[in-house]
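In the working numbering, the protein residues as written are 460 to 1046.
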């Protein structure tokens, strides 16, 4: 069947998603979503000093935020950063779990202002759009026309630029690969100028950008190939597996028969039920596959967010007892064996998107997501990880197991052929930090890696072992950013990027007698309200769960240096609470 026929259409109007609670911007250091707090200081034109954090809400830092409206404005900010030796980073909807979309003391570009669909070809199934367009928007526009995004992670509130920067994967990696495999062209703004790249045009830079976490250039536009989707439903087969071996055996035997496959794992089950799970697999449904009651709205796609988490619950809500009870109920509620059940795309792919602010359920301290990938033949590593979580009674009600197909050429792209396991873990248990460090060693020994888009605590000394092509990535990056202006909290924490070099002239702030170096406040130090800081303030972020302290900002632009952040450990496993910045009202 040919998806909705018709002429090629163009659109230049704004297409931003209207769903409330979809952004990962946090706002205040206390972790509330909504209107962010602002640090004191003197932002540039159109900029605001804001506290930002990842979806895990675990390591906030302050930066000046700009919201450009087009590619020219993005390039102008990069040129400004070059002239003043400031670091700069793009940010989409803030759904990276750790510190990948933060740049303490630098310039953060809110890319959601670039939100236009420029060209949609409903016959060929291609889209040319701004990098700030959300996958949610693409689905709302394209599903009624018979197309679906080629790859979607567990949330549709991800921008196209963010999906490329993290080279996101989904339930269909074993069949269709990761997001970058479906991108034909990307427009990048870089410190050396605007360029266009793709698999056939400067492929080295294209693949360095895929999974490059925004550090090889800022994507401003992309052309993407979509997947045919004859309806807004998936025909789903569900089955329960009694233990981890049973689960992995079922997946290995028949996953290739389905486009989509994912398994939920009970990481608190013990004994002969260790790693029991619920396996769901499916394919896009045609209208003829659907019961009559669904055929009339077979292509309708207008999801809502009916539930919202209004407050941050007290610490300890998600503990081994409550999570074990949830896991037991979830496992028992799943059908032992059911085939051909129609599920809407939103239910099958993005169940948590129906709960606004669900990350608040982990409490004020936040959470980390630990996602690993190991090659086939390393099933003992997966088993050892699940056993260690059970033994330490670390509560995770979101444990997900999938199989990856072959990876792409991206040096920092996460997916590699084998198994991937992802676990959401509340920050707090004293044993969590040492446990995750121990698991890192198991993963490295198995030839695996962890996902940088989810990471907020990896030690820099194991990064090269996980990503052996790291030097090749650095060489490509140096070609487009020789002075190291593109930067992030994650990049400095892991030593991904060099120290930014200074400009030929002093910045306007330094000529005016204002320090351009963000000051780093020690946690629990009270900010004087009578003397607000004159530059963006870097918050001392939390060191729980094996997370190193945040990287310090560079010294003034005449001779900037970046001190290496020392890895620290919290004895309690809880992060040290950051100091709340002096707040001000937006003009």
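Backbone N, C-alpha and C fix where the C-beta goes; we use that ideal spot for every residue, glycine too.
Source: prediction; values computed, not measured.
For residue j and residue i, believed in contact at Cβ under 8 Å, the rounded distance
i	j	result
residue 694	residue 748	6 Å
residue 650	residue 541	6 Å
residue 737	residue 763	The pair is not a contact, with the Cβ atoms about 25 Å apart (cut-off 8 Å).
residue 837	residue 905	4 Å
residue 661	residue 654	7 Å
residue 576	residue 586	7 Å
residue 772	residue 822	6 Å
residue 570	residue 549	5 Å
Residue i, enclosing alpha helix (DSSP H) - first and last residue
i	result
residue 933	929 to 939
residue 788	779 to 792
residue 761	Neither: residue 761 is in no alpha helix (DSSP H) and is coded neither H nor E.
residue 649	Careful: residue 649 lies outside any alpha helix (DSSP H), inside the beta strand (DSSP E) at 642 to 649.
residue 712	703 to 713
residue 728	Per DSSP, residue 728 belongs to no alpha helix (DSSP H) and is neither H nor E.
residue 600	594 to 601
residue 898	891 to 904
residue 625	Here residue 625 belongs to no alpha helix (DSSP H), and DSSP marks it neither H nor E.
residue 922	922 to 925
residue 653	Note, residue 653: premise wrong, no alpha helix (DSSP H); beta strand (DSSP E) at 652 to 656.
residue 951	948 to 953
Cutoff 8 Å: residue i Cβ touching any chain D Cβ
i	result
residue 724	The structure shown has no chain D; it contains just one protein chain.
Any non-hydrogen atom of the ligand NAD within 7 Å of residue i CB
i	result
residue 948	The ligand NAD is absent from the structure shown, which contains no ligands of any kind.
Spatially closest choice to residue i from the options, by CA coordinates
i	options	result
residue 944	758, 543, 506 and 615	543
residue 742	578, 635 and 534	635
residue 717	739, 642 and 527	739
residue 557	609, 925 and 828	828
residue 574	564, 580, 593 and 583	593
residue 631	661, 702 and 863	863
residue 553	537, 920, 673 and 794	673
residue 642	519, 657 and 565	657
residue 607	664, 728, 810 and 758	758
residue 919	948, 936, 937 and 939	948
residue 774	853, 728, 725 and 824	824
residue 769	652, 604 and 814	814
residue 911	922, 936 and 570	922
residue 855	726, 833 and 663	726
residue 723	804, 861, 533 and 852	861
residue 890	852, 879 and 877	852
residue 615	551, 801 and 785	551
residue 801	843, 640, 752 and 538	752
residue 1063	809, 562, 579 and 916	Any question about residue 1063 goes unanswered here, given that the chain covers just 460 to 1046.
residue 589	546, 610 and 528	528
residue 876	609, 637, 521 and 561	637
residue 914	559, 511 and 538	559
Residue interval of the beta strand (DSSP E) (run including residue i)
i	result
residue 856	That residue, residue 856, is in no beta strand (DSSP E); it is neither H nor E in DSSP.
residue 695	692 to 700
residue 633	Unbroken run through residue 633 is the alpha helix (DSSP H), 632 to 635; no beta strand (DSSP E).
residue 882	877 to 885
residue 666	From DSSP, residue 666 is part of no beta strand (DSSP E) but of the alpha helix (DSSP H) over 662 to 668.
residue 800	796 to 803
residue 838	It is not in any beta strand (DSSP E) - residue 838 instead sits in the alpha helix (DSSP H) that spans 838 to 851.
residue 679	677 to 684
residue 740	736 to 743
residue 753	Element bounds for residue 753: not the beta strand (DSSP E) but the alpha helix (DSSP H), 751 to 754.
residue 831	826 to 833
Next item on the list: Could you tell me whether the region 789 to 796 touches the region 896 to 911, using the rule of 3 or more Cβ pairs below 8 Å?
Entry: no
Check: What are the uninterrupted segments assigned as beta strand (DSSP E) that are 3 or more residues long and contained completely in the region 504 to 592, given in chain order?
Finding: 507 to 511, 520 to 525, 547 to 550, 566 to 569, 576 to 580 and 585 to 589
Notebook entry, point to check: Three or more C-beta pairs closer than 8 Å, one from the region 625 to 635 and one from the region 663 to 672: is that the case here?
Noted result: yes
Note to self: When you compare the region 699 to 714 with the region 598 to 605, are there three or more beta-carbon pairs, one atom per stretch, that lie closer than 8 Å?
What the structure shows: no
Next item on the list: Tell me, please, whether the region 639 to 652 touches the region 837 to 853 by the rule of three or more beta-carbon pairs shorter than 8 Å.
Entry: no
Check: Can at least three beta-carbon pairs, one atom from the region 928 to 937 and one from the region 869 to 876, be found at a separation below 8 Å?
Finding: yes
Notebook entry, point to check: Okay, do the region 609 to 619 and the region 676 to 690 touch, 3+ Cβ pairs below 8 Å being the bar?
Noted result: yes
Checklist line | Contact between the region 816 to 836 and the region 883 to 894 (3+ Cβ pairs under 8 Å) | finding: yes
Notebook entry, point to check: Is the number of C-beta pairs between the region 684 to 698 and the region 795 to 805 that are closer than 8 Å three or more?
Noted result: yes
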